[in-house]
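Worksheet for the structure shown next.
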Amino acid sequence: INGSFDGKLDTKGSLEIGENASVRAEIRGDEIVVGGKLTGNITASNSLKVLSTAHIVGDIITPSLSVDKGAVIHGKCQMLTVKGHVFNIEELARYLEVEASNILDWANSGKIPAFKEGNDWKFERPKIEEWIAKEKTKQ
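If you use our numbering, the sequence shown closes out at 195, no skipped numbers anywhere.
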């Protein structure tokens, strides 16, 4: 993307936001490179590279983050391990872009793969990815 964009981006593979870009979006992808202005949360399943010209206002979730000197990030960053990551309800709600109350209902009813750790529901990423794939084929 080298111009302006407003909305939602859900990509497979690589996505690059150029130095002159101005983007307001929730972004999900495998490998993401940001060089311009971005307002919105980023979930990169493999890696995120933030170039020196980037200005990000939003939260980041990725297992691999590279930030060049001069880049600006206003938000939280959550580093996930690709394999074996366990979500809590709030993390999974952000990841799936649904309300936390929906996740709780699904866990209590057995609709989503989950396990209890003390009083808290936990969700293993590989099982969630498999569940997502199965749910998509039902539609």
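Think of the CB as a built atom: it goes at the ideal place given N, C-alpha and C, for glycine as much as any other residue.
Selection from N97, L160, L148, I73 that minimises the alpha carbon distance to P182: L148
T95 (DSSP reduced to helix, strand or coil): strand
Cβ separation of S108 and G126, assumed to be a contact under 8 Å, to the nearest whole Å: 4 Å
Cutoff 8 Å; reference L160; Cβ partners in own chain excluding five residues on either side: I145, W177
Starting from E173, trace the beta strand (DSSP E) in both directions and tell me its first and last residue. 171 to 173
Inter-residue Cα distance where the pair is G59 and K105: 19 Å
Residue range of the alpha helix (DSSP H) that E153 falls in? Counting along the chain, E153 falls outside any alpha helix (DSSP H), and DSSP gives it neither H nor E.
Determine whether the beta carbon atoms of T118 and L94 lie at a separation below 8 Å. no
I129 to F143 span [Cα, whole Å]: 24 Å
Counting C-beta neighbours from all protein chains within 10 Å, is the total for T67 16 or more, i.e. buried, or is it exposed? exposed
Buried versus exposed call for V90 [16 or more other C-beta atoms within 10 Å across all chains shown]: buried
Give every residue of the same chain whose Cβ lies closer than 6 Å to the Cβ of L121, excluding the five residues on either side of it in the sequence, and list them in chain order. L104
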